[in-house]
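Written out below as structure tokens is the structure these notes cover.
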Amino acid sequence: MQETINHIRQFPASGYAPAELEGFFEDGFRQALSGKNRIIYQIRDDTVFVHLVVDVRRDLPSLLQRIVLRLM
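Residues 169 to 240 in our numbering are what the sequence shown lists, from first letter to last.
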């Protein structure tokens, strides 16, 4: 996973927009895969923010809904 994080650090635009995030957040979110994990991150200005590391087998929309509900 550290290799993937380093790749994101050097080439943040190399990730792709996760289809599951459409409608949840504004643009700028990307993902990169590392083994059985997906790394969800956002690029803002010159900074990369890693928001979530989750197993690819998890239902991402359901997980995000639970996270958002906890924040309320």
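Ideal Cβ positions, reconstructed from N, Cα and C, are used throughout, including at glycine.
Quick check on residue i: buried or exposed, where buried means 16 or more other Cβ atoms within 10 Å of its Cβ?
{"i": "L237", "result": "exposed"}
{"i": "A200", "result": "buried"}
{"i": "R226", "result": "exposed"}
{"i": "G203", "result": "exposed"}
{"i": "R234", "result": "exposed"}
Who are the near neighbours of residue i in its chain, counting only those whose CB is closer than 8 Å to its CB and skipping five residues on each side?
{"i": "V218", "result": "I173, I176, I207, I208, Y209"}
Ignore the nearest five residues each way along the sequence and tell me which others in residue i's own chain have a CB closer than 7 Å to its CB.
{"i": "G196", "result": "Q210, I211, R212"}
Ignore the nearest five residues each way along the sequence and tell me which others in residue i's own chain have a CB closer than 6 Å to its CB.
{"i": "L228", "result": "E188"}
What does DSSP give as the partner residues of residue i in its beta bridges?
{"i": "D223", "result": "N205"}
> Any contact of the segment 183 to 191 with the segment 204 to 222, i.e. 3+ C-beta pairs under 8 Å?
Replying inline: yes
* Secondary structure, beta strand (DSSP E): runs of 3+ residues fully inside the segment 172 to 209 -> 197 to 202
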